[in-house]
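Student: Handing you a structure now.
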Amino acid sequence: ATKIGKEWKELHADRTIITTADYAMIHMMRRRMPSQVKSLLCGGSSEVTVRNTLNGLSVQCRIDHWMRDQKQMSDLKTIGAIEDIEREIQKRGYHIQARWYQRIVEQETGEMHDFALVFVEKAFPFRWRIVNLDADYQAIADEAIDGALHGIKARIASGCWDDPMPLRI
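Take 1 as the starting number for the sequence shown in the working numbering and just add one per residue.
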């Protein structure tokens with residue numbers, strides 16, 4: 001609210017400014033981060049965009065953390081409670097995201113990369129979990145991705161983008 005504060009905000013207008021509460025939460029998350037997560041997120045590159053083609057379509061992904069030399073990708077997720085991980089994966093399609101990233105990166109590099117979902121609770125005790133999805137999740141995701149790519153190609157070819165399953169009330 002001060003003149004100096006307003007000047008500082010204007011100087012940093014291109015950045016996201018977080019609240020004191022958010023800063024405290026992030027600080028506590030980092031303090032509670034287990035060594036396995038630190039090792040997984042150590043080195044490599046962050047926020048990497050990969051663009052390529054799948055089934056003749058231009059595609060992309062933005063990887064939270066990529067250790068290319070170790071063939072390892074990670075995506076950080078916040079969650080209300082660690083016990084809800086399975087439900088959140090299904091509800092939010094994290095398995096589809098993981099497989100999507102793997103397929104794009106494999107197309108780019110010629111090599112399959114592992115993908116870990118890294119969950120952290122948004123409140124005390126800020127528990128962490130690393131989740132590697134099994135073959136069943138990957139198969140479900142592959143089916144969803146292939147169906148989506150097929151649908152997009154069909155709509156491009158026909159020029160018709162009507163919803164094939166309209167909402168019925």
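Built from N, CA and C at the ideal position, the CB exists for glycine as well.
I'd like the list of long-range same chain contacts for Met29, defined as Cβ closer than 7 Å, with 5 residues on each side in sequence excluded.
Tutor: Excluding positions up to five away in sequence, the list reads Val120 and Phe126.
Student: Count the other CB atoms, across all protein chains shown, that sit within 10 Å of the CB of Ala24; report buried if there are 16 or more and exposed otherwise.
Tutor: Exposed, since its Cβ has fewer than 16 Cβ neighbours within 10 Å.
Student: Return the chain-ordered list of same chain residues with a C-beta closer than 6 Å to the C-beta of Arg62, the five sequence neighbours on each side being excluded.
Tutor: Around Arg62: Thr49.
Student: Going by alpha carbons, who is nearest to Gln70 out of Leu40, Glu7 and Ile156?
Tutor: That would be Leu40, whose Cα lies nearest to the Cα of Gln70.
Student: Rounded to the nearest angstrom, what separates Cys42 and Ala116 at their Cα positions?
Tutor: Each residue's alpha carbon lies about 14 Å from the other.
Student: Sort out for me which residues DSSP pairs Cys61 with in a bridge.
Tutor: Beta-bridge pairing links Cys61 to Val50.
Student: At the level of alpha carbons, what is the spacing between Ala135 and Met33?
Tutor: Going by the C-alpha atoms only, they are around 28 Å apart.
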